[in-house]
Amino acid sequence: MSTSAAADLRTLITTWPDLNDALGAPPVIAGFGRGLSAYMAALEETDLDAAAELRALERDPAQIGIRPIPMRLQVYETMRTVQAALTECAAAVAEHVQRAPISMPAPRRAAVAKTRADRVAWDDHARRVHAAQQDAMDPRRWRYTGTPPTAQYAALWLLGRVTGAPGPFRPIQPAQQAHVAAVAAEARHRVERILDTGAAEAVLTRPCPRMIHTVFPCEGTIRVYGGAGASPLANCSSCGGIWTELGAAA
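Residue 147 in our numbering sits at position 154 of the sequence shown; the count goes up by one each step and never skips.
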């Protein structure tokens, strides 16, 4: 079993409702407490009043020129891309692991069961027909026509395969395991990036502004850590300065 793939698939299943919520939510202006990306944007700001005016212009439909893509469109594109990737991955895996349905027995000509042996034969035939029908209709099978399954369903189906859940399947092979792991990891990365919830670290382009000996600025590299539910934190690699959502801490 691929534990990383299983963890990524479970994350996709549980966070998908957050994407649906974000799809209908208005764009969020960068600021503290909004996740690592927004935290970095707030630290990068040098003139808040000018930045606010620029953002107001960016949101003005009358402005001529290219404007940032609305958050909702980015969420929609992420959802569409992830759903397509998971669906295609499930279909590819199904070709290798999903066994063919049990063959339907040859039809028998209608006749009156005159003996016990006839009744046993007819009962056995009926059981085989029922078993073949049930196996072909097993809801655990990967199948769809027309509208593709949801991303959550595809992720749940793939989770069953990588964890060895029972069903009309053969054990998944290393090649398919690796394929699922790669698709799930990329899908999780895309979802966490659009929701700004993934654990990450990054370097600010602005050098450290702390004054050393009250004369010269430090100008060291500021590295930002945060995401995955943790409050963002920035740290200078030269002077050791620390910034949190509440401001400078050291």
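For each residue, glycine too, the CB sits at the ideal point set by N, CA and C. From a predicted model like this one, the values you see are computed outputs, not experimental measurements.
Around the Cβ of residue i, are there at least 16 other Cβ atoms within 10 angstroms (buried) or fewer (exposed)?
| i | result |
| --- | --- |
| F209 | exposed |
| N13 | exposed |
| D42 | Confidence at D42 is low in this model, with a pLDDT of 46, below 50, so its placement is unreliable and the value that follows should be read with caution. Answer is exposed; the Cβ neighbour count stays below 16. |
| V173 | buried |
| P100 | exposed |
| E93 | Inspection of the sequence shows that residue 93 is occupied by Ala rather than by Glu. Counting Cβ neighbours within 10 Å, A93 comes out exposed, since fewer than 16 surround it. |
| A83 | buried |
| E159 | Note that residue 159 corresponds to Pro in the displayed sequence, not to Glu. Label assigned to P159: exposed. |
| C229 | buried |
Excluding the five sequence neighbours on either side, which residues of its own chain have a C-beta within less than 8 angstroms of the C-beta of residue i, listed in chain order?
| i | result |
| --- | --- |
| I6 | Q145, A148, L149, L152 |
| G139 | none |
| A(-1) | L152, V155, T156 |
Mind reading off the beta-carbon distance from residue i to residue j? Whole number of angstroms is fine, and I expect it under 8 angstroms.
| i | j | result |
| --- | --- | --- |
| A124 | D1 | So it is not a contact: roughly 36 angstroms between Cβ atoms. |
| V75 | A180 | 5 angstroms |
| P161 | D128 | 6 angstroms |
| M97 | V122 | 7 angstroms |
| I215 | C201 | 5 angstroms |
In its own chain, which residues sit with a C-beta less than 6 angstroms from the C-beta of residue i, not counting the 5 before and 5 after it?
| i | result |
| --- | --- |
| R203 | C211, C232, G234 |
| T198 | none |
| T237 | L226 |
| G213 | C201, C229, S230, S231, C232 |
| D131 | P161 |
| V109 | Checking the displayed sequence, the identity of residue 109 turns out to be Arg instead of Val. For R109, where only same-chain residues beyond five positions count, there are no Cβ hits under 6 angstroms. |
With distances taken between CB atoms, is the gap from residue i to residue j smaller than 9 angstroms?
| i | j | result |
| --- | --- | --- |
| V217 | V196 | yes |
| A77 | P141 | yes |
| T190 | T8 | yes |
| A87 | R134 | yes |
| A15 | R65 | yes |
Once you ignore the five residues that flank residue i on each side, which residues in its own chain have a CB closer than 7 angstroms to its CB?
| i | result |
| --- | --- |
| T80 | P141, P142, A147 |
| D11 | L188 |
| I95 | A124, A125, D128 |
| R3 | L152 |
| E194 | R216, V217, Y218 |
| I205 | C211, C232 |
| Y137 | none |
Answer yes or no: does any C-beta atom of chain C fall closer than 9 angstroms to that of residue i?
| i | result |
| --- | --- |
| V208 | Among the chains of the structure shown, chain C does not appear; only one protein chain is present. |
Original post:
Which ranges would you report for the alpha helix (DSSP H) in the segment 126 to 180 if only whole runs of at least 4 residues count?
Top reply: Within the segment 126 to 180, the complete alpha helix (DSSP H) runs of at least 4 residues fall at 144 to 155.
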